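**Student:** Okay, handing you the structure first.
Residue numbers (our numbering), protein chains in the order written: chain A, -13 to 481; chain B, -13 to 481.
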């Protein structure tokens, strides 16, 4: 869910939570007192196995070039999920299973053709936004009018002005209070526009060369009332300049598939623990991608990491103390649907969850972990982090983010670790047709895999759990400090 | 003709031509002895008129947003030419006329839809190259095979392998001896491929995010035998990786208009000289553009400069000593067709041509002039350059370039000046959908206009001509030192 990443990622860098809000203080001493040398040796073995002839790039190549884009609810996604399950089985993992959840399906069938008819004839670059309907069979053709407010009342007041028109949103006013706040109102706005006879909505993008990102036009996964298209930046500016002088008429056509409710699979697999098989840590990433590129960075890289971590730990030949559960989620891009559904289905199991490790921050060099605002997790992670110094992977950040599959685990009070990655060039290819394997650095991907593998193995092996599960008030304190509380109450995710 | 710009721009920075090859030494002293103060005052007036409430950006906005892309042979080009003639007339210029030349017409009718069918279903970004035909009505569909050589014999030897296929050229081999050398063979190669039953040719581009440049697939302006499409970089890499593993099948469809021979207009206008009306300097730029963007940088900026220079000089209210002729050329992008045709039609007038000033190097800050390898021009330009110091416009460069409309004037031995511009960001938008007015800096454009106006006015006003017309041997010496001789002999442009 990288759209909300921009908006929801509320950084609390260097936030030190006061001890008073941590429900229980962890015992941080002697976590690894029993056998530090064994753990170091196992960690070194993992690093060697992954860095020398490891499989990360091979998994990534299969995901991107053999299955291509893995848009949730498409056949390509389903095939990649079945392949991943087979890979887990081939490694000797146990309890390998596809766990279903339901959502509305959506797929791009025929890409867009678009042009300005007046005041000049000119090719226009636009693309259907996700989870919006096709244009009518003969396309959409009409005059462009600016839309400055998503308020249903204000839309209805302008019914005569908007009828039969193509509405171009004005980001300066619509997104004035943040994109996320606007998107919460968007579905109702589209419905109101549909009811008064508007034809379609355009949402301008911001990248030079009319590059358009794949994303959704509203929150939720119901297909919108109207066709909504993302419009290239230069074409938007041309339309805006032309509107200042008179009428602008455009036309466009594209087709999408909207089959209604479909079932989607999360892929789950386990290395059962040798002493405490009922306690588990989870190592996960989302398998799905958007469909302009082939989802190499977002999140083929994370999925390849999870598969390779499973292979490497499994090949150690000795089960860790606790169970390690691996998860490849569906529906992340449409709202963390897979991980959220998993938590709903496994509520009774959450007390036994020691920690969640998630990786979804791109193919840059990995630097360590985000501990999501928890001082107890920060302190308890130090011994593991120390082993990652030579990988430049020993950074621990208090940053709280609610933008990928660890998010709903935060609301469960479970210790969550999100891989901290250099994101300098993340947006260059993010959700664009350039998100392809040629951009992924094999060394950065292998290094990420080593960091996840060593961290996961050590967390599963240590005698004591990393940190306690937090209670309601301590969680709320974290959400409040991260400026997340109001939004999560509004969205109904927190009470 | 910006494709050859990359290839043909043979830089001879700091080349000092030995005096021996200059046919006649100019008298550089006392060129401005008669009235330096008057010339300075007139130059200052021009600068003020252009920089304070000048019209450069208004002309540019009309060209780009009112006419849009001005692809030679289209209605949009023709309308812009007629408008420019009207503007010249409105300024009070004389002998305003459209001068026709003929070429094969070409226009993009319906943009491309393309996808990979196998090994994965995936949207592909490609666009028809200029002066190539439409695909068949149902499109092109077939397996992709690499083409490593444009030699007709080698193509025929592979007839069985190429029949029914879509040929993807391998730049590593095809362009091994330079793109220009390959393009000289390209038309014959396409014909041979057509004859053995190949369906189409793909030429990969090199820009992140599958950005494709508008350009031609061969030299000349005959429509090629086969559809030729430019293919996005990431999609090319996906196809190349997939080809290593097996068969790759793609399909695409687009329509172009190919009406055959059409007439195209150059726009010519004059400020007649008060003392030597038969002697003239020419201030020109090409009016045409490619059609992905609206040709703001290339070469709306140059065209707006020429119009504004005409307005500013005309508004001085006093004709210069010699005639200043203004030219807006068509067909530059297809091979300097307009300026070449003009020279052919005006051969007998070339002895009276004092100098050519051309501007077509983009919308960056202008730094001065390229004197095209001539020491006599370099020396004679110094007094004018000195007036441009406070504009950072006093650089004189010996660089020889054969890539825009001054080129065929070099072969006439006429002193040619090509505006020297900071091209650091030229390629960011060059021939792309991002070549739009929002990228043009108003101050850089106005400064370019001042430099051209002051230079042009002074050249027309000075008592003596800038430098002599060179003879055959002196011209050939320049071409030789610029590594242009072999190419121009091969192309038939020089004997």
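Using N, Cα and C, we set each Cβ at its ideal position, and we do this for glycine too. Quantities reported herein were computed from a predicted structural model and do not represent experimental measurements.
Rounded to a whole number of angstroms, what is the C-alpha to C-alpha distance between residue 125 of chain A and residue 114 of chain A?
**Tutor:** Cα to Cα, the separation comes out at about 12 Å.
**Student:** Would you list, in sequence order, the uninterrupted beta strand (DSSP E) runs of no fewer than 3 residues that lie entirely inside the region 348 to 420 of chain A?
**Tutor:** Counting whole runs of 3 or more residues, the region 348 to 420 of chain A contains the beta strand (DSSP E) stretches 352 to 356, 381 to 383, 402 to 407.
**Student:** Compare the Cα-Cα distances from residue 193 of chain A to each of A:462, A:429, A:460, A:413 and report the closest residue.
**Tutor:** Minimum Cα distance to residue 193 of chain A is reached at A:413.
**Student:** Whole beta strand (DSSP E) runs in the region 149 to 209 of chain B with 3 or more residues, listed along the chain?
**Tutor:** List check, beta strand (DSSP E) in window: 152 to 155, 186 to 190.
**Student:** Under 8 Å, Cβ to Cβ, is there at least one residue of chain B near residue 223 of chain A?
**Tutor:** Taking Cβ atoms only, chain B reaches closer than 8 Å to residue 223 of chain A, which makes this a yes.
**Student:** For residue 185 of chain B, does the count of other Cβ atoms within 10 angstroms reach 16, so buried, or fall short, so exposed?
**Tutor:** Classification of residue 185 of chain B: buried, given that the 10 Å Cβ count is 16 or more.
**Student:** Do the region 325 to 341 of chain A and the region 394 to 405 of chain A meet, that is, are 3 or more Cβ pairs less than 8 Å apart?
**Tutor:** In short, these stretches touch, since the Cβ pair count reaches three.
**Student:** Are any of the Cβ atoms in chain B nearer than 8 Å to that of residue 418 of chain A?
**Tutor:** Output row for residue 418 of chain A: interface = yes.
**Student:** Might you give, ordered along the chain, the residues of its own chain that have their beta carbon closer than 7 Å to the beta carbon of residue 18 of chain A, omitting 5 neighbours on each side?
**Tutor:** Unreliable positioning characterises residue 18 of chain A in this predicted model, as indicated by a pLDDT of 44, which lies under 50. The coordinate reading is nonetheless provided below. The residues are 25, 369, 448.
**Student:** Could you compute how far the alpha carbon of residue 241 of chain A sits from the alpha carbon of residue 191 of chain B?
**Tutor:** Residue 241 of chain A and residue 191 of chain B: Cα-Cα distance of roughly 28 Å.
**Student:** Please determine if the region 277 to 287 of chain A and the region 417 to 433 of chain A are in contact, where contact requires at least 3 C-beta pairs separated by less than 8 Å.
**Tutor:** Yes, since at least three Cβ pairs between the region 277 to 287 of chain A and the region 417 to 433 of chain A fall closer than 8 Å, the two stretches touch.
**Student:** Out of A:44, A:153, A:177, which one is the CA nearest neighbour of residue 139 of chain A?
**Tutor:** Answer by Cα proximity: A:177.
**Student:** Could you tell me which chain B residues have their CB closer than 7 Å to the CB of residue 245 of chain A, listed as they occur along the chain?
**Tutor:** By Cβ distance, chain B contributes nothing, its closest Cβ being about 16 Å from residue 245 of chain A, past 7 Å.
**Student:** Any idea what DSSP makes of residue 111 of chain A, helix, strand or coil?
**Tutor:** Residue 111 of chain A falls in the coil class under three-state DSSP.
**Student:** Taking Cβ positions only, does residue 228 of chain B come closer than 8 Å to chain A?
**Tutor:** For residue 228 of chain B, the answer is yes, since a Cβ of chain A falls inside 8 Å of its Cβ.
**Student:** Out of curiosity, what's the CA-to-CA distance linking residue 337 of chain A and residue 379 of chain A?
**Tutor:** Roughly 29 Å separates the two Cα atoms.
**Student:** Using DSSP bridges, identify the partner residues of residue 312 of chain B.
**Tutor:** Per DSSP, B:255, B:269.
**Student:** Nearest to residue 150 of chain A by CA position, among A:167, A:117, A:187, is which residue?
**Tutor:** The shortest Cα separation from residue 150 of chain A among A:167, A:117, A:187 belongs to A:187.
**Student:** Are any of the Cβ atoms in chain B nearer than 8 Å to that of residue 109 of chain A?
**Tutor:** Interface residue, yes.
**Student:** Taking Cβ positions, are residue 406 of chain B and residue 441 of chain B nearer each other than 8 Å?
**Tutor:** For residue 406 of chain B and residue 441 of chain B, no; Cβs fall outside 8 Å.
**Student:** Compare the C-beta of residue 97 of chain A against all C-beta atoms of chain B and say whether one is closer than 8 Å.
**Tutor:** Cβ-Cβ to chain B under 8 Å: yes for residue 97 of chain A.
**Student:** Check the C-beta distance from residue 231 of chain A over to residue 90 of chain A and give it rounded, since I have them as a contact under 8 Å.
**Tutor:** Not quite, the Cβ-Cβ distance comes to about 41 Å (not below 8 Å), so this is no contact.
**Student:** Could you check what DSSP says for residue 458 of chain A in three-state terms: helix, strand or coil?
**Tutor:** DSSP places residue 458 of chain A in helix when its eight states are reduced to three.
**Student:** With 8 Å as the limit, tell me which residues of the region 60 to 84 of chain A have their beta carbon closer than that to any beta carbon of chain B; keep them in chain order.
**Tutor:** Within the region 60 to 84 of chain A, the residues whose Cβ lies closer than 8 Å to some Cβ of chain B are 62, listed in chain order.
**Student:** At the level of alpha carbons, what is the spacing between residue 196 of chain A and residue 457 of chain A?
**Tutor:** Whole-angstrom Cα-Cα distance: 48 Å.
**Student:** Inspect the beta-carbon positions of residue 325 of chain B and residue 288 of chain B and report whether they are closer than 8 Å.
**Tutor:** The answer is no: Cβ separation not under 8 Å.
**Student:** 8 Å is my cut-off, CB to CB: does residue 424 of chain B come that close to chain A?
**Tutor:** Yes, residue 424 of chain B counts as interfacial toward chain A.
**Student:** Could you name the residues of the same chain whose beta carbon sits closer than 7 Å to that of residue 374 of chain B, not counting the 5 residues immediately before and after it, in chain order?
**Tutor:** 354, 380, 437, 440, listed in sequence order.
**Student:** Who are the Cβ neighbours of residue 51 of chain A in its own chain at under 6 Å, not counting the five residues just before and after it?
**Tutor:** Counting only Cβ-Cβ distances below 6 Å, and skipping sequence neighbours, we find nothing.
**Student:** With 8 Å as the threshold, decide whether the Cβ of residue 156 of chain A is near any Cβ in chain B.
**Tutor:** Answer no: the Cβ-Cβ gap between residue 156 of chain A and chain B never drops below 8 Å.
**Student:** Helix, strand or coil for residue 346 of chain A per DSSP?
**Tutor:** Coil, per DSSP.
**Student:** Against chain B, with Cβ distances strictly below 8 Å, would residue 196 of chain A count as a contact?
**Tutor:** Yes, contact with chain B.
**Student:** Alpha carbon to alpha carbon, how far is residue 299 of chain B from residue 189 of chain A? Give it in angstroms, no decimals.
**Tutor:** Roughly 45 Å between the two C-alpha positions.
**Student:** State yes or no: is the C-beta of residue 357 of chain B within less than 8 Å of the C-beta of residue 59 of chain B?
**Tutor:** In this structure, residue 59 of chain B does not lie closer than 8 Å to residue 357 of chain B by Cβ.
**Student:** Taking the Cβ atom as the reference point for each residue, do residue 141 of chain B and residue 179 of chain B lie within a distance shorter than 8 Å?
**Tutor:** Contact: yes.
**Student:** Could you give the distance in angstroms between the alpha-carbon of residue 160 of chain B and the alpha-carbon of residue 174 of chain B?
**Tutor:** About 14 Å.
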